[in-house]
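Using the working numbering, the first residue of the sequence shown is number 210, and each one after it goes up by one.
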Amino acid sequence: MRDLMKIVVTGPVGAGKTTFIRTISEIEVVDTDRRATDETASLKSGTTVAMDFGRITLGDDMWVQIYGTPGQSRFDFMWDLLIKGAHGYILLVPAHMPKSIREARNIRAYMQQRVDIPMIVGITHMDHPDAWELEDIQMGLADFDPQIPYVTLNANHKSSVAESLLVLLQQYQLNQVAV
Ligand SMILES: Nc1nc2c(ncn2[C@@H]2O[C@H](COP(=O)(O)OP(=O)(O)O)[C@@H](O)[C@H]2O)c(=O)[nH]1
Ligand SMILES: [Mg+2]
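What follows is the structure, given as structure tokens:
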């Protein structure tokens with residue numbers, strides 16, 4: 210029997226959640242991107258309204274299920290459903306959209322009220338000309354525990370996505386040892 214881990218990828222609209230899962234999943238990704246009809250339409254043409262789902266195999270004995278949440282807070286009932294039973298999550302924050310830092314804080318606060326599981330922050334879009342410096346983003350997310358690892362990644366690059374997942378899995382293992 211393989212062990213099963215459930216990981217959640219969350220973050221504001223446009224952070225790279227759907228791309229992250231598409232980049233790393235071994236199975237064809239189930240995604241529910243729909244044409245955006247509201248304020249997100251100006252950000253991108255499709256947006257996740259329910260969830261993304263993908264899966265990877267680690268060695269011979271583990272499956273990691275990866276769920277991506279919708280970005281908008283009006284779908285926060287989905288955040289609740291998806292985070293339940295998760296072993297850890299990654300909060301993606303896009304470096305080129307400073308406004309999304311507040312949304313990222315809201316998502317984090319929402320998750321923190323529901324679960325106490327390992328998490329990391331993944332900064333995407335660092336290659337964008339308007340990207341904020343990592344330190345400025347960290348300051349924007351000021352109330353975060355200094356123990357939380359930050360990684361920078363491009364959701365389109367497999368090695369970059371794999372590396373962030375590894376950091377999250379390490380956090381999970383550290384947590385297992387500590388309890
Ligand atoms: N240049 C660049 N584009 C990225 C990066 N991460 C994601 N993207 C792009 O950002 C766009 C939005 O990504 P998407 O996965 O739909 O975001 P979601 O709303 O969080 O699901 C897509 O066109 C991705 O290819 C990154 O680090 N750099
Ligand atoms: Mg999406």
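Note that the Cβ used here is the ideal one computed from N, Cα and C, for glycine as well.
Checking the 6 Å criterion, the Cβ of VAL222 is within range of a heavy atom belonging to ligand 1.
Its chain contains SER282 as the residues whose beta carbon lies nearer than 7 Å to that of ASN315, once the 5 sequence neighbours on both sides are disregarded; these appear in chain order.
Contact between GLY331 and GLY280 does not hold, since their C-beta atoms are separated by about 14 Å, which reaches or exceeds 8 Å.
DSSP places ILE275 inside the beta strand (DSSP E), whose first and last residues are 271–277. One thing to note: VAL217 has its Cβ no nearer than 7 Å to the Cβ of ALA318. The segment 365–374 makes contact with the segment 222–236; the number of CB pairs closer than 8 Å reaches 3 or more. In the assembly as shown, ASP354 is an exposed residue. Its beta-carbon has fewer than 16 other beta-carbons within 10 Å. When the beta-carbon positions are compared, ILE329 and PRO358 come within less than 7 Å of each other. The C-beta distance from ILE310 to LEU350 rounds to 6 Å, short enough to fall under 8 Å. Closest by C-alpha distance to VAL324, out of TYR298, ALA313, GLY223, ASP285, is TYR298. Setting aside the 5 residues that flank it on each side, LEU213 is surrounded in the same chain by TRP272, GLN274, each with a C-beta closer than 7 Å to its C-beta; the list follows chain order. Straight across, the Cα-Cα distance linking PRO338 with GLN347 is about 18 Å. Excluding sequence positions up to five before and after VAL302, its CB lies within less than 8 Å of the CB of GLY220, PRO221, ALA224, SER309, ILE310, ALA313, VAL330, GLY331, ILE332, THR333, ILE346, LEU350, all in the same chain and listed in chain order. In this structure, the C-beta of THR266 stays at least 6 Å away from each heavy atom of ligand 1. Taking 6 Å as the cut-off, the C-beta of LYS226 counts as close to a heavy atom of ligand 1. In terms of side-chain proximity, the C-beta atom of ALA371 is found no nearer than 6 Å to any non-hydrogen atom of ligand 1.
Between ligand 1 and the CB of GLY280, the shortest heavy atom gap is smaller than 6 Å. For VAL238, the three-state secondary structure derived from DSSP is coil.
Collapsing the DSSP output to three states places LEU301 in a strand.
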